[in-house]
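Participant: Just so we're aligned: the sequence shown equals residues -5 to 118 in my numbering.
Glycine included, every Cβ here is placed at the ideal spot set by N, Cα and C.
Have a look at this one before I ask anything.
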Amino acid sequence: MSGVEFEMILHATLRNDAGLNSIVQQRVFAIAIPEKTPLPCITFQRLSGHPLNTLTGQPDMETVLIQIDCWGRTFTEAKTVGLALRQALATAPFHCVLDEDRDLHDPATNHYRVSSDFRCWHKE
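Written as structure tokens, this is what we have:
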């Protein structure tokens, strides 16, 4: 699986998780929120990635750093989406660990966001 395939699988995993979809209703987007999209929703973007090199030959695993942002109209709504996101990733067909997260507010739109960086491993 290439990095692009990983992002497609991540997208499908988030859109198809029942718990997460009960909140965001499949509003999961790469990089940016489309104009006039209601909140809550999720955006994600790849920050970096590299093969897990070995001394025994061609690497078959890649590690990817993904930023996933959970957007809400209120702080509580953004945090609720963030908790559902963690539960969805716990059952994903790849392995992820939370690297760090931040609580943010955009005063221009009055939107709240939980921005989380996950380190994920997948087969190439």
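With distance defined between alpha-carbon atoms, name the residue in D100, R67, D63, T31 nearest to L8.
Facilitator: Checking every option, the nearest Cα to that of L8 belongs to D63.
Participant: Note down the Cα distance separating L33 from H99, rounded to an integer number of angstroms.
Facilitator: For L33 and H99, the distance between alpha carbons rounds to 14 Å.
Participant: With distance defined between alpha-carbon atoms, name the residue in H89, F38, E29 nearest to F23.
Facilitator: Measuring from the Cα of F23, the nearest candidate turns out to be F38.
Participant: Comparing C-alpha positions only, which one of C90, K73, W65, G76 sits nearest to P28?
Facilitator: Checking every option, the nearest Cα to that of P28 belongs to W65.
Participant: Please classify S42: is it buried, with 16 or more other beta-carbons within 10 angstroms of its beta-carbon, or exposed?
Facilitator: Per the 10 Å Cβ criterion, exposed.
Participant: Work out the CA separation of V91 and E1 for me, nearest whole Å.
Facilitator: Each residue's Cα considered, the two are about 16 Å apart.
Participant: Smallest Cα separation from T103: which of W115, T31, T50?
Facilitator: With distances taken between Cα atoms, T103 lies closest to T31.
Participant: Within 10 angstroms of the Cβ of A84, are there 16 or more other Cβ atoms? Answer buried if so, exposed if not.
Facilitator: The residue is exposed, with fewer than 16 neighbouring Cβ atoms inside 10 Å.
Participant: I believe D93 touches R113 by the beta-carbon criterion, under 8 Å. Please report the beta-carbon distance rounded to the nearest angstrom.
Facilitator: Sure, about 5 Å apart at Cβ, within 8 Å.
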